[in-house]
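Q: One structure, pasted below without further comment.
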Amino acid sequence: MEAIVYPPYNNCEPKPLTDVQKRILEVKKERNAVILAHNYVCREIQEVADYVGDSLGLSREAKNTDADVIAFAGVDFMAETAKILNPEKTVVLPDHAAGCSLEELCEPMELALFKKKHPDAIVISYINCSAGVKELSDIICTSGNALDIVKQIPADRKIIFCPDQHLGSWIVEQTGRDMILWNGYCWAHTKYQADDLVALKKAFNGAPVVSHPECPKPVRDVSDCVCSTEKMIKFCREHPSDKFIIATVVEMIHRFQREIPDKTFIAARSSRGLAQHCRNMLMNTPEKLLACLENLSPEIKLSKEQMDAARRPIEKMLEMSK
Ligand code: SF4
Numbered sequence: 002m003e004a005i006v007y008p009p010y011n012n013c014e015p016k017p018l019t020d021v022q023k024r025i026l027e028v029k030k031e032r033n034a035v036i037l038a039h040n041y042v043c044r045e046i047q048e049v050a051d052y053v054g055d056s057l058g059l060s061r062e063a064k065n066t067d068a069d070v071i072a073f074a075g076v077d078f079m080a081e082t083a084k085i086l087n088p089e090k091t092v093v094l095p096d097h098a099a100g101c102s103l104e105e106l107c108e109p110m111e112l113a114l115f116k117k118k119h120p121d122a123i124v125i126s127y128i129n130c131s132a133g134v135k136e137l138s139d140i141i142c143t144s145g146n147a148l149d150i151v152k153q154i155p156a157d158r159k160i161i162f163c164p165d166q167h168l169g170s171w172i173v174e175q176t177g178r179d180m181i182l183w184n185g186y187c188w189a190h191t192k193y194q195a196d197d198l199v200a201l202k203k204a205f206n207g208a209p210v211v212s213h214p215e216c217p218k219p220v221r222d223v224s225d226c227v228c229s230t231e232k233m234i235k236f237c238r239e240h241p242s243d244k245f246i247i248a249t250v251v252e253m254i255h256r257f258q259r260e261i262p263d264k265t266f267i268a269a270r271s272s273r274g275l276a277q278h279c280r281n282m283l284m285n286t287p288e289k290l291l292a293c294l295e296n297l298s299p300e301i302k303l304s305k306e307q308m309d310a311a312r313r314p315i316e317k318m319l320e321m322s323k
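The numbering used here applies: residue 2 is where the sequence shown begins, and numbers increase by one.
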């Protein structure tokens, strides 16, 4: 299998903006909109976004913006979070069908029944869940703050952690806390294989392997660093190596290239030997972003009661991760 190598960005020809990208910037101004984009959306959208980051950074940006419209290039639970934090603002996303396997694998009704079996447990939910699951949770977390949040829970409290079993088991390993884990998983991150990472590391003279905690344990075990996408940037910037093997959604490499332009990044391969994308994030295209800004649709709509209930655990997270 051929390695997928991204050379130092300094050596790449800058690409001029396309007509669609230019039009997005014009309409954004007319609408007094802000474009928030997740690290996993395509390069063309990252280039016109006001902020590109992980779920924690995006939640903070959504909370602090004074724009009238938030165009959220990501998946539906992220746009919902922005709406919950800004009920008075118009929040649009390029494609309403962009969901997430973690969200799909944790239905609010199932969680409600599960909670009844463990009435004394505190529920910590990864932000990758529906507004309905957020309502039933005590605290939300992201991969960037999950460890800190769990460490703040008194040792004698039982914890239900949902919906990602891999992020949950990584926290158990790091903290020694015995949590009850939901059995959800990320469709994209479970496609990486430990053997592939070991082979890449050998082929690239021991280059450090950096993986996301949504990856299964065998992949995490052969990694030099396991962390959120935001922390990956810091790790690669500060580490003396000039090459890194990256086991997270390949669109993230665009951010590495822009922010660390003198280093080389090698994408870990899926089980089919290809670069691993998130099919939900790929539903965000520049054309759909332009259309949602022009039409202010599809728009996120949630009832006041649901937003009030789901805001409580999100604000708790922001408070606990200052
Ligand atoms: S990468 Fe995985 S967790 Fe993230 S949005 Fe895609 S399916 Fe969900």
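Note that the Cβ used here is the ideal one computed from N, Cα and C, for glycine as well.
Which partner residues does T91 have in the DSSP bridge list?
A: By 1-based counting over the sequence shown, the position of residue 91 is 90. DSSP output for T91 lists V70 as bridge partner(s).
Q: Does R256 pass the burial test, meaning 16 or more other C-beta atoms within 10 Å, or should it be called exposed?
A: Taking the sequence shown and counting its residues from 1, the one referred to as residue 256 is at position 255. Burial call: buried.
Q: Under the three-state reduction of DSSP, which class applies to Y7: helix, strand or coil?
A: The count along the sequence shown starts at 1 and reaches residue 7 at position 6. In the structure shown, Y7 sits in a strand (DSSP, three-state: E or B).
Q: In terms of residue numbering, what span does the alpha helix (DSSP H) encompassing G54 cover?
A: As a position in the sequence shown, residue 54 is number 53, starting the count at 1. Where G54 is concerned, there is no enclosing alpha helix (DSSP H), although the beta strand (DSSP E) it sits in stretches over Y52 to G54.
Q: Fully enclosed by the stretch 188–233, which alpha helix (DSSP H) runs are 4 residues long or longer?
A: Runs found: 195–204 and 218–222.
Q: Is the stretch 61–75 touching the stretch 28–40, taking contact as three or more C-beta pairs under 8 angstroms?
A: Short answer: they touch.
Q: Expressed to the nearest angstrom, what Euclidean distance is found between the alpha-carbon atoms of G133 and S272?
A: One-based indexing of the sequence shown puts residue 133 at position 132. One-based indexing of the sequence shown puts residue 272 at position 271. In a straight line, the C-alpha of G133 is about 33 angstroms away from that of S272.
Q: With a threshold of 8 angstroms, are at least 3 pairs of Cβ atoms found where one atom belongs to the stretch 9–18 and the other to the stretch 284–303?
A: At 8 angstroms Cβ cutoff, the stretches do not touch.
Q: The alpha helix (DSSP H) with H278 in it runs from where to where?
A: Reading the sequence shown from its first residue, position 277 is the one you call residue 278. No alpha helix (DSSP H) holds H278; DSSP gives it neither H nor E.
Q: Following a CB-centred definition, is Y41 positioned closer than 7 angstroms to any heavy atom of ligand 1?
A: For the purposes of this step, residue 41 is taken as residue 40 along the sequence shown, with counting starting at 1. Yes; taking the cut-off as 7 angstroms, the Cβ of Y41 has a heavy atom of ligand 1 nearer than that.
Q: By how many angstroms is the C-alpha of P214 removed from the C-alpha of S144?
A: The residue labelled residue 144 in the question sits at position 143 within the sequence shown. The residue labelled residue 214 in the question sits at position 213 within the sequence shown. When rounded, the distance between both Cα atoms is 7 angstroms.
Q: Taking all protein chains shown into account, do 16 or more other C-beta atoms lie within 10 angstroms of the C-beta of T19, making it buried, or fewer, making it exposed?
A: Residue 19 sits at position 18 when you count from the first residue of the sequence shown. Per the 10 Å Cβ criterion, exposed.
Q: What are the partner residues of V173, as DSSP defines its beta bridges?
A: The count along the sequence shown starts at 1 and reaches residue 173 at position 172. DSSP output for V173 lists no bridge partner at all.
Q: Within 10 Å of its beta-carbon, does G169 have 16 or more other beta-carbons around it, so buried, or fewer, so exposed?
A: The residue given as residue 169 occupies position 168 in the sequence shown. Burial call: buried.
Q: Under the DSSP definition of a beta bridge, which residues are partnered with D165?
A: Locating residue 165 in the sequence shown gives position 164, where the first residue counts as 1. BP columns for D165 point to G185.
Q: For the putative contact between I85 and I261, defined by C-beta atoms under 8 angstroms, what is the C-beta separation to the nearest angstrom?
A: Position 84 of the sequence shown holds residue 85. Position 260 of the sequence shown holds residue 261. Incorrect: roughly 33 angstroms between the Cβ atoms, too far for contact.
Q: Cutting at 8 angstroms between CB atoms, please list the residues of its own chain near K342, excluding the five before and the five after it.
A: This structure cannot speak to residue 342, because the chain is shown only from 2 to 323.
Q: Go through its chain and collect everything with a Cβ distance to V227's Cβ below 7 angstroms, but skip five positions before and after it.
A: Taking the sequence shown and counting its residues from 1, one reaches residue 227 at position 226. Here the set comprises W171, S212, P214 and R221.
Q: With a threshold of 7 angstroms, establish whether the CB of S248 neighbours any heavy atom of ligand 1.
A: Taking the first residue of the sequence shown as 1, we reach residue 248 at position 247. Before going on, a small fix: residue 248 reads as Ala here, not Ser. A248 Cβ: outside cutoff for every heavy atom of ligand 1.
Q: Among S229, K159 and Q22, which residue has its Cα nearest to the Cα of G58?
A: The residue labelled residue 58 in the question sits at position 57 within the sequence shown. Checked all of S229, K159 and Q22; the closest Cα to G58 is S229.
Q: Quick one: grab the DSSP three-state call for K118.
A: Here the question's residue 118 lines up with position 117 in the sequence shown. Residue state, collapsed to three classes: helix.
Q: Where do the ends of the alpha helix (DSSP H) carrying C293 lie?
A: Along the sequence shown, one-based indexing puts residue 293 at 292. Here the alpha helix (DSSP H) through C293 covers P287 to N296.
Q: Within 10 Å of its beta-carbon, does L275 have 16 or more other beta-carbons around it, so buried, or fewer, so exposed?
A: Translated into the one-based positions of the sequence shown, residue 275 becomes position 274. It is exposed - the Cβ of L275 has fewer than 16 other Cβ atoms within 10 Å.
Q: Is T265 helix, strand or coil by DSSP?
A: Here residue 265 refers to the residue found at position 264 of the sequence shown. Here T265 sits in strand by DSSP.
Q: At a cut of 8 angstroms, does the stretch 194–205 reach the stretch 143–162 through at least three beta carbon pairs?
A: Cβ pair count under 8 angstroms is below three, so no.
Q: Which of the three DSSP states, helix, strand or coil, is assigned to L106?
A: If you number the sequence shown from 1, residue 106 lands on position 105. Residue state, collapsed to three classes: coil.
Q: With three or more C-beta pairs closer than 8 angstroms as the rule, is the stretch 40–56 touching the stretch 293–312?
A: The stretch 293–312, when compared against the stretch 40–56, does not touch it at the 8 angstroms Cβ threshold.
Q: At a cut-off of 7 angstroms, is S102 close to ligand 1 when judged by its beta-carbon and the heavy atoms of the ligand?
A: Counting from 1 along the sequence shown, the entry for residue 102 is found at position 101. Correct: S102 has its Cβ closer than 7 angstroms to ligand 1.
Q: Just mark N206 as buried or exposed, buried being the case when its beta carbon has 16 or more other beta carbons within 10 Å.
A: As a first step, residue 206 must be located in the sequence shown, where it is residue number 205. Exposed, by the Cβ-count rule.
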